[in-house]
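These notes concern the structure reproduced below.
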C-alpha cells in the first residue's frame, strides 16, 4: 500500500472533542450551561476526575478545550492523553493518533507518513517544564486540611510525606495558591516528570506536560531498596493509594510500593513500574466501577502477556483474545470470567475495595455507592408499574 501524508486538519474537521470525550466516559454538565462553551465532566457528582471546557461545540474543526489548571489542547491532545484507551497499533503514538482519528471519522485506517510540522508543534507544548512550578515539601507539623477531608490521618500523611509536594503553577492566572502535588518519576533516575494534582473542592488534574506514558506516582516504602519490594499496589489516584494503605495497614509490611497511575493509564506506565521492582507481585486495587474493572483487565493482560482487546459497550465489556470472543457479566468478577476462557498464570493479585464502595477513599470515608438495579430488573419494575396504572381494558 502506498504511504501518504496524513492531513490532521481534515481529520480534525470530522471529529470533535466531544465525540472522543463521550467515548472515554465524559458526560455533559448541563448545569454549567450549553452555548458557546460546554463542560464535559469525567466522574460522578461527588468527585470530578476531570473537567474539559470546550469552545465552539457546534463546529468540530474549531473545537478547543481547556482546563482550569491552565492546560489546553485540541482533539489530538485529548486522544494523545488517553491513547491506550483505544487499542490501536502503530510504530509510534502519532501513527496511533491518526488511526484513532480515522476511526472516529469513519475513514479507512491509513498507512502514512507523519505530518512533521504538526507533530513538532504539539511535542513542543507537551513537554513538562519544572521551572513553571514553585514546589515546597509537606510540613509534617502543619498538614493541609484537604488530607483530613479525605479521611487520611496525620500518621498516614507523615508516612507518605517524602512522596508529596505543595505545588503552585506560576502561569495559572486563575489560581495563585498551592495544590497538592504527587510527583511522577519513571525509575530511571530521580527526575520529576510531572505531577498528579489535587486541590480543594474536588479539583483534580495533572501538571501541564506531565509524562503519562512512562511515569507514575510511586511511593516506595522499603526505604529505597526496590529489590526487597514484594508487592506493588496499583491505584487510580494517590488519595486512593493512601486510603488503601491506611485501611489495610495492619496487614501490610514495609516491603511494598504504592502506585497511582492518575486514572486512565498507558501500558508504558505499568511496564516501567514493574521494571523498578523486578521481584514484586503487582496488585489490582483499581475502582469497582466499569472503568476500574477495565483497568484491571488491561493490567492483567500486560502482566500475563496476553494480547487482549477490550471493547467497552454501554453496560459491559466484550473481550477478544487468542481467537476467542466473549462478553463479561457486570454482576460477576471480571478476572474470574476471563480465567474461564483463557489460561492465566495468576501472576497478578487483586485487592479491591469492598463491593459497597466505588474506591478505597470512599471506603475510608464510609461513602457507599448508590444502589443500582440491573437494567432488566428495572425494566420489569417499569412494566409492572405501567400495568398497574393502565386500568382495565375495555
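In the UniProt record's numbering, the protein residues as written are 1 to 394.
All C-beta atoms, glycine included, are put in the ideal place defined by N, C-alpha and C.
For residue j and residue i, the rounded distance between their alpha carbons
| i | j | result |
| --- | --- | --- |
| residue 241 | residue 235 | 6 Å |
| residue 105 | residue 76 | 13 Å |
| residue 223 | residue 159 | 11 Å |
| residue 300 | residue 142 | 40 Å |
| residue 181 | residue 198 | 7 Å |
| residue 157 | residue 151 | 11 Å |
| residue 129 | residue 339 | 44 Å |
| residue 255 | residue 227 | 9 Å |
| residue 288 | residue 271 | 23 Å |
| residue 117 | residue 94 | Only weak support is given to the placement of residue 117: the predicted model assigns it a pLDDT of 41, under 50, and the value that follows is read from those uncertain coordinates. Computed Cα separation, rounded: 12 Å. |
| residue 35 | residue 56 | 8 Å |
| residue 153 | residue 147 | 7 Å |
| residue 125 | residue 169 | Only weak support exists for where residue 125 lies, its pLDDT of 44 falling under 50; the coordinates are left without a value. |
| residue 354 | residue 297 | 18 Å |
| residue 370 | residue 166 | 34 Å |
| residue 357 | residue 145 | 23 Å |
| residue 363 | residue 164 | 22 Å |
| residue 100 | residue 86 | 7 Å |
Distance CB(residue i)-CB(residue j) smaller than 8 Å
| i | j | result |
| --- | --- | --- |
| residue 294 | residue 261 | no |
| residue 282 | residue 232 | yes |
| residue 102 | residue 11 | yes |
| residue 172 | residue 70 | yes |
| residue 306 | residue 342 | yes |
| residue 285 | residue 334 | no |
| residue 206 | residue 212 | yes |
| residue 174 | residue 68 | yes |
| residue 216 | residue 273 | yes |
| residue 29 | residue 54 | no |
| residue 265 | residue 361 | no |
| residue 41 | residue 27 | yes |
| residue 230 | residue 49 | no |
| residue 15 | residue 78 | no |
Beta-ladder partner(s) of residue i, from DSSP
| i | result |
| --- | --- |
| residue 165 | 137 and 181 |
| residue 262 | Paired residue(s): none; residue 262 is not in a bridge. |
| residue 328 | 317 |
| residue 27 | 41 |
| residue 282 | 232 |
| residue 267 | For residue 267, which the question treats as bridged, DSSP gives no partner whatsoever. |
| residue 217 | 260 |
| residue 310 | 319 |
| residue 197 | 181 and 205 |
| residue 191 | DSSP, once it has assigned bridges, lists no residue as partnering residue 191. |
| residue 350 | 284 |
Burial state of residue i, where buried means 16 or more other Cβ atoms lie within 10 Å
| i | result |
| --- | --- |
| residue 134 | exposed |
| residue 155 | exposed |
| residue 280 | buried |
| residue 253 | exposed |
| residue 183 | buried |
| residue 269 | buried |
| residue 51 | buried |
| residue 80 | buried |
| residue 291 | buried |
| residue 309 | exposed |
| residue 58 | exposed |
| residue 263 | buried |
| residue 246 | buried |
| residue 311 | exposed |
Neighbour flag for residue i against chain D, beta carbons, 8 Å
| i | result |
| --- | --- |
| residue 281 | Of the protein chains in this structure there is only one, and it is not chain D. |
Alpha helix (DSSP H) runs wholly inside the region 227-257, at least 4 long, in chain order: 238-247
Runs of beta strand (DSSP E) lying entirely within the region 45-104, each at least 3 residues, in chain order: 48-55 and 64-66
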